[in-house]
Amino acid sequence: MCMRRVTLIALALMMVGAAEAKPKEQPVTMAGDAPVAVQIQKVEAALNSESYSEISLEDKSRVQQALGRIKLKMEGHTLSSELSPQDRTAVFNDQELVNTVLGQAREDSRMVCRRERSTGSNMAQNVCMTVAQRRKAEANGRALLNDHQRFNSFAPPGG
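Quick note: the sequence shown, position 74, residue 107 per this note's numbering, numbers continuous.
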């Protein structure tokens with residue numbers, strides 16, 4: 034009887050967790066089979082969203098330039114399949130550039146939380162950072178350690 038009750042409680046907890054889980058947000062991409070104007074609007078909205086917060090100004094500019102070129106090629110057309118082969122190729126290449134930049138920026142903007150203990154404490158706490166922030170902190174730590182080692186190698190012995 035007790036084992037059955039534990040099993041039912043565990044099952045109920047799993048169901049609650051599954052019900053609260055958010056569906057994973059799909060990344061914004063450009064594809065050739067949808068109306069291009071709608072895709073451009075989605076990309077422009079995504080550039081200003083939290084999901085792409087770590088996109089650099091340079092990459093944002095590259096995406097906006099690519100969208101501008103796509104808009105020029107698409108004037109008077111809804112689908113890229115309506116374009117000439119040369120224009121379709123140019124639009125496809127710009128779409129790929131947008132997809133690549135947004136894919137990397139989305140990965141860099143992903144929030145990762147870890148349980149960490151601060152120096153001198155046994156109490157762990159959640160530390161949440163984006164992938165890009167964590168990468169930058171790691172690089173800064175390495176640079177600081179290298180500078181410290183370099184400085185200490187030139188210091189006179191015993192001083």
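Glycine is no exception: its CB is placed at the ideal position from the N, C-alpha and C atoms.
Remember, it's a predicted structure, so these values are computed and weren't measured experimentally.
Return the CA-CA distance between F184 and Q166, expressed in angstroms with no decimal places. The C-alpha of F184 lies about 27 Å from the C-alpha of Q166.
Span of the alpha helix (DSSP H) around M107: Where M107 is concerned, the enclosing alpha helix (DSSP H) stretches over L90 to M107.
Every unbroken alpha helix (DSSP H) inside the region 101 to 178 [4 residues or more]: You should have 118 to 142.
Quick one: what does DSSP say N185 is sitting in, helix, strand or coil? Residue state, collapsed to three classes: helix.
Tell me whether the region 156 to 163 and the region 95 to 107 touch, counting them as touching only if at least three CB pairs, one residue from each stretch, are closer than 8 Å. At 8 Å Cβ cutoff, the stretches do not touch.
Nearest neighbour of R126, chosen from M144, A99 and A138 [CA to CA]: The sequence shown places Asn at residue 126, rather than the Arg named in the question. Distances from the alpha-carbon of N126 to those of M144, A99 and A138 put A99 closest.
Endpoints, alpha helix (DSSP H) assigned at E77: Where E77 is concerned, the enclosing alpha helix (DSSP H) stretches over V69 to L80.
S86 (DSSP reduced to helix, strand or coil): It is coil, neither helix nor strand.
The region 69 to 87 contacting the region 119 to 136, beta-carbon criterion three pairs below 8 Å: By the C-beta criterion, the region 69 to 87 is judged to be in contact with the region 119 to 136, since at least 3 inter-stretch pairs fall below 8 Å.
Whole-angstrom Cβ separation of T111 and R143, contact assumed at under 8 Å? Incorrect: roughly 33 Å between the Cβ atoms, too far for contact.
Let me confirm a value: L80 is counted as buried when at least 16 other C-beta atoms fall within 10 Å, else exposed. Which label applies? When all chains shown are included, L80 counts as buried.
For K93, collect the residues of the same chain with a Cβ closer than 8 Å to its Cβ; drop the 5 residues on either side in sequence, then sort them by chain order. Hits under 8 Å: L80.
Applying the criterion that 16 or more other CB atoms from any shown protein chain within 10 Å of the CB defines a buried residue, is L177 buried or exposed? For L177, the number of other beta carbons within 10 angstroms of its own is below 16, and it is reported as exposed.
Outcome for K55 when other beta-carbon atoms lying within 10 angstroms are tallied against a minimum of 16: Note on K55: pLDDT 36, under 50, position unreliable in the model; no value is reported.
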